[in-house]
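Q:
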Amino acid sequence: MKAFKEIVEWVIVILVAVLVSLFINNFIIVNATVPSSSMEKTIMTNDRVIGFRLAYMSNEPERGDIIIFRFPDDESILYIKRIIGMPGETVDIRDGKVFIDGKELDEPYLSVVTEGDYGPYEVPEGHYFMLGDNRNNSADSRFWKNTYLSADKIVGKAVLRYWPGVKKLQ
Numbered sequence: 006m007k008a009f010k011e012i013v014e015w016v017i018v019i020l021v022a023v024l025v026s027l028f029i030n031n032f033i034i035v036n037a038t039v040p041s042s043s044m045e046k047t048i049m050t051n052d053r054v055i056g057f058r059l060a061y062m063s064n065e066p067e068r069g070d071i072i073i074f075r076f077p078d079d080e081s082i083l084y085i086k087r088i089i090g091m092p093g094e095t096v097d098i099r100d101g102k103v104f105i106d107g108k109e110l111d112e113p114y115l116s117v118v119t120e121g122d123y124g125p126y127e128v129p130e131g132h133y134f135m136l137g138d139n140r141n142n143s144a145d146s147r148f149w150k151n152t153y154l155s156a157d158k159i160v161g162k163a164v165l166r167y168w169p170g171v172k173k174l175q
């Protein structure tokens, strides 16, 4: 009888742990793997990242945030990119630089000059213009069929790389 009681206690502990884990993964955090070099040097190929699902419940996304979102052209795929253009802005890329409403954007996270000229893009209300940090190897807003990311496709704000090694994302 004592052995049976101990087994039941262990089963309860395991069930509670599984339920807590499912709750956290479905409502608080999102796990994602970066399959390409599109965000290098910030996030490397095959890095694993945690996003905070509740980040935008009380705050609006900001330019420069790295977010995890449902790809506008295939919502079954999660993407990770940086917010560059905000609702109502015009984004223009020329001579290796990004311009927002005609003003050059300071991007200290870039390590390579962007090749090619793109735009102008007029970001609709409720949408964002997304770019990878490795612009020359990134399938981002410049190339999507649905150019802009709707706010309702944002899953969470990427906050932490947990493999390999732990690194806060900015």
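Sequence positions in the sequence shown follow the working numbering and run 6 to 175.
Yeah, the Cβ is synthetic: ideal placement off N, Cα and C, and Gly gets one too.
1. For residue 38, which of 7, 73, 79 and 21 has the nearest alpha-carbon?
2. By how many angstroms is the C-alpha of residue 136 removed from the C-alpha of residue 113?
3. Assuming contact is defined by CB atoms lying nearer than 8 Å, are residue 61 and residue 162 in contact in what I supplied?
4. Restricting to Cα atoms, I'd like to know which of 148, 158, 159 and 49 is closest to residue 123.
5. My assumption, with CB atoms under 8 Å, is that residue 70 sits in contact with residue 168. Please give the rounded CB distance.
6. Classify residue 44: buried if its beta carbon has 16 or more other beta carbons within 10 angstroms, exposed otherwise.
7. Can you tell me which of 100, 54 and 107 puts its alpha carbon nearest to the alpha carbon of residue 126?
8. Quick one: complete beta strand (DSSP E) runs, 3+ long, within the region 68–122?
9. Within 10 angstroms of its Cβ, does residue 50 collect 16 or more other Cβ (buried), or is it exposed?
10. Check the C-beta distance from residue 138 over to residue 47 and give it rounded, since I have them as a contact under 8 Å.
A: Put simply:
1. Mapped onto the sequence shown, residue 38 falls at position 33. By alpha-carbon distance to residue 38, the top candidate from 7, 73, 79 and 21 is 73.
2. Position 108 of the sequence shown holds residue 113. Position 131 of the sequence shown holds residue 136. Their backbone Cα atoms lie some 14 Å apart in a straight line.
3. Residue mapping note: residue 61 aligns to position 56 of the sequence shown, counting from 1. Residue mapping note: residue 162 aligns to position 157 of the sequence shown, counting from 1. Closer than 8 Å, so yes.
4. Position 118 of the sequence shown, counted from the first residue, corresponds to residue 123. Cα-wise, what sits closest to residue 123 is 148.
5. Here residue 70 is taken as the residue at index 65 of the sequence shown, counted from 1. Here residue 168 is taken as the residue at index 163 of the sequence shown, counted from 1. About 21 Å separates the two Cβ atoms, so there is no contact after all.
6. Sequence index remark: in the sequence shown, residue 44 carries index 39 (1-based). Around the Cβ of residue 44, a 10 Å sphere holds 16 or more other Cβ atoms; the residue is buried.
7. Here residue 126 is taken as the residue at index 121 of the sequence shown, counted from 1. The residue with the shortest Cα to Cα distance from residue 126 is 107.
8. Contiguous beta strand (DSSP E) elements confined to the region 68–122 occur at 71–75, 83–90, 95–99 and 102–105, taking only those with 3 or more residues.
9. Within the sequence shown, numbered from 1, the residue matching residue 50 stands at position 45. Exposed, by the Cβ-count rule.
10. For the purposes of this step, residue 138 is identified with residue 133 of the sequence shown, where counting begins at 1. For the purposes of this step, residue 47 is identified with residue 42 of the sequence shown, where counting begins at 1. Between residue 47 and residue 138 the Cβ distance is about 5 Å, and since that is below 8 Å, they are a contact.
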